[in-house]
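Data block below; observations after.
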Amino acid sequence: MSIYLPIAELSVNILIILGMGAAVGFLSGMFGVGGGFLITPLLIFYNIPPVVAVATGANQVVASSISGAITHFRRGTIDVKLGTVLLCGGLVGATVGVWLFSLLRRVGQLDLVISLLYVVLLGSVGSLMLWESLRAMRKAAKNQATPLRRPGQHNWVHRLPLKMRFKKSKIYLSVIPVAGLGFCIGVLTSVMGVGGGFIMVPAMIYLLRIPTNVVVGTSLFQIIFVSAYTVIVQASTNYTVDIVLAFVLMIAGVIGAQYGVRVGQKLRGEQLRALLALLVLAVGIRLAIELVIPPKDVYSVVSAGFGF
Amino acid sequence: MAHFVTIAFAALSLAFTAPAFAQLQDENANDFTEKLEIGISTDEIAITSDFRGADLTIFGAVDGFDPSLLAQGKYNIIVSLEGPKDNATVRKKERVFGIWVNTSSMTFELVPESYSLSSTRDIETIAPPGEMGNMGIGVDHMRLVPLGFVGDGSNLGEFRNAFRRIRETSGVYERDPGGVQFISSSLFKASVRLPANVPNGVHVVRAYLFRDGTFVAAKALPLRVVKTGLEQVITQTAHEQPLFYGFFAVLLAVITGWGASLLFRKE
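Which chain is which? The protein sequence lines are A and B, in order.
If you read the first sequence in our numbering, its first letter stands for residue 58, the second for the next number, and so on.
If you read the second sequence in our numbering, its first letter stands for residue 960, the second for the next number, and so on.
As structure tokens, this is what we get:
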């Protein structure tokens, strides 16, 4: 069964797209991530032009983050003040990112930069997470408590000026690293089509030492707005948001996510983190291999309409 | 489901009864008596949500031919379906510090996005390569003019070959030697294919008549490939009201996400 994508201008098998959406939705529900880092490479792998994949991936991230954010909002685990500071950095970052996206597309290095960013980020985040979760598992086996946050332990981040009090998170922190983190995530959102949760959550926990309970909700809060902003900016500058593709992905994604959440609840935190780390690493390695092995064809053709 | 578009033809009567059949090009040389006619039953192909390419059958006729030459099979016909033209960039990857990076590129000016060629036999045996090259018939003879500065042009050949090879392997450029068949002494039938990832816009059906290796006559008809219904509305909105389109895409995502969380909470 095929469906014609009006913006990507090609026919695809709707069942494959539904399957991709459901699988990514399942994993994102299970691990509490947006799934953009999985969906964009999958779409590119399925011959969707990268420019369309990135912009449409951001749209799918909005849908998958919304339901998670609603749950966190009800539980009161969103620090709106912290989220807003992150968001300010994020919006600036997304604007820079879209500009960077157009520039890279013009010089023909977009696919390389997207791949390199994925390899570096997924590789490092995946390794760190795997190492941390394995250590936690070993400690759990010895029946020791595993505090993710060690109060009193401060790093260079906590010596920066312009400090602000975030009541909900119960921390007193400089706005510079918070907005800076938001900025970096914003750039990634528009260049890679990811929400950035897989980077933001570890950075907030390990670097900014924000309590774990507000981290996921707050990061979702920022992801929704930055992704939505990216979709609008991509739509109005590059005309590359394929609403048909996005809608099919969303529908399958939100349903898959519900089942993922149920499976996720049965697993322990460190087990989940280890699995997510393996998944992140696998995607990173897969992309790294592609960069290193000789390509099937060293030539590629792009027409002006969909160049990247 | 393939779309069959039959382009019907009925000798001269058609030419009179259907003045709407635009002729993009009429290269009838007066020195020859042969005339080539093709007709088109539709000048528009609609891309619907289940579009998977279309097969076109074109009927045409040769008028004023020399029966003895025809009997010897000296008349050959080539029919092509050419997509809208756009600049195309060919990039070449090279290994830099262990990873494969696009290092050089060449842009060719206004090449067809799709090209389907059908002929009575292999076009290389219809006329000398020089003549095909002059007329730009066939993938191998297509004019590939590089845009901008290309240095000493030493790599022009490799980029041109790569371009042809990639377009052919991806199926947007095709050839079918034997796709044109005479169904009576003067009537012929040609089949060309519109690929699934067809660019929309004005395509051109061209027919060329060759007599014993010499070009005699040509005829061209436009064929519009258009998105219809929802597909057209979406494309139009995306380009004409991009801001509204972007907001709508976000709204759709919000509703989907919200709806799912409400729906599954009740369970």
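No residue lacks a Cβ here, since even glycine has one placed at the ideal position from N, Cα and C.
Source: prediction; values computed, not measured.
Is there at least one Cβ from chain A nearer than 9 Å to B/Leu1189's Cβ?
yes
Please give the ranges of any alpha helix (DSSP H) in the stretch 99 to 186 of chain A, keeping only runs that are unbroken, at least 4 residues long and fully inside the region.
107 to 132 and 137 to 164
Where are the alpha helix (DSSP H) runs, 4 residues long or more, that stay fully inside the stretch 244 to 280 of chain A, in chain order?
254 to 259
Using 9 Å as the threshold, is the C-beta distance between A/Val109 and A/Leu62 below it?
yes
Step through the CB atoms of chain B and report whether any lies within less than 9 Å of the CB of A/Pro63.
yes
Select from the stretch 114 to 130 of chain A all residues with a C-beta closer than 9 Å to any C-beta belonging to chain B, and list them in chain order.
Asn116, Gln117, Val118, Val119, Ala120, Ser121, Ser122, Ile123, Ser124, Gly125, Ala126, Ile127 and Thr128
Using beta carbons (cut-off 9 Å, strictly below), is B/Asp1009 in contact with chain A?
yes
Under 9 Å between the Cβ atoms of A/Val288 and B/Ala1219?
no
Measure from the C-beta of B/Ser1064 to each C-beta in chain A and report whether the shortest distance is under 9 Å.
yes
To be precise: take each residue of the stretch 101 to 114 of chain A, compare its Cβ to all Cβ atoms of chain C, and keep it if any distance is under 7 Å. Which residues remain?
Checking the listed chains, one finds no chain C in this structure; the protein chains it contains are A and B.
Quick one: residues in its chain with C-beta nearer than 7 Å to the C-beta of A/Ile250, no 5 flanking neighbours on either side, listed in chain order?
The question names Ile, but residue 250 of chain A is Gly in the sequence shown. Within the same chain, A/Gly250 has close Cβ partners Gly93, Thr97, Ala110, Val111, Ala112, Gly114 and Ala115.
At which residues does the beta strand (DSSP E) containing B/Thr1048 begin and terminate?
Lys1044 to Val1055
Which same chain residues, not among the five before or five after B/Glu1133, have their C-beta less than 8 Å away from its C-beta?
Tyr1074, Ser1075, Leu1076, Glu1127, Arg1152 and Pro1154
Taking B/Asn1061 as the query, report the chain A residues whose CB atoms sit under 7 Å from its CB, ordered along the chain.
Gly165, Gln166 and Leu169
Specify, as a first and last residue, the run of the beta strand (DSSP E) that B/Gln1140 falls within.
Val1139 to Phe1141
Coarse secondary structure for B/Ile1036, derived from DSSP in three states
strand
Span separating the alpha-carbon of B/Tyr1034 from that of A/Val355:
42 Å
Whose C-beta lies closer than 6 Å to the C-beta of B/Pro1071 among residues of the same chain, with five residues either side of it excluded?
Glu1041, Gly1042 and Lys1044
Tell me, please, which residues DSSP counts as bridged to B/Glu1133.
B/Ser1075
Do we get a CB-CB distance below 9 Å when we pair B/Arg1126 with the residues of chain A?
yes
Test: A/Phe83 CB closer than 9 Å to a CB of chain B
no
Using a Cβ-Cβ cut-off of 9 Å, state whether B/Thr1016 counts as contacting chain A.
no
Straight-line CA distance for A/Gly243 to A/Lys225?
23 Å
Roughly how many whole angstroms lie between the Cα atoms of A/Lys353 and A/Ile342?
18 Å
For the beta strand (DSSP E) containing B/His1162, list its first residue and its last residue.
Gly1160 to Arg1170
Tell me the residue span of the beta strand (DSSP E) that contains A/Met58.
Here A/Met58 belongs to no beta strand (DSSP E), and DSSP marks it neither H nor E.
For A/Tyr175, would you say it is in contact with chain B, using Cβ-to-Cβ distances shorter than 9 Å as the test?
no
Check whether A/Pro259 and A/Met194 have beta carbons under 9 Å apart:
no
Please report the straight-line C-alpha distance between B/Ile1058 and A/Gly86, rounded to a whole angstrom.
34 Å
Are there three or more Cβ pairs, one per stretch, closer than 8 Å when the stretch 1099 to 1115 of chain B is compared with the stretch 1156 to 1175 of chain B?
no
Please report the straight-line C-alpha distance between B/Leu995 and B/Pro1087, rounded to a whole angstrom.
21 Å
Determine which residues share a DSSP beta bridge with A/Ser360 and list them.
B/Ala1047
Along the chain, where does the beta strand (DSSP E) that runs through B/Asn1114 open and close?
Careful: B/Asn1114 lies outside any beta strand (DSSP E) and carries neither H nor E.
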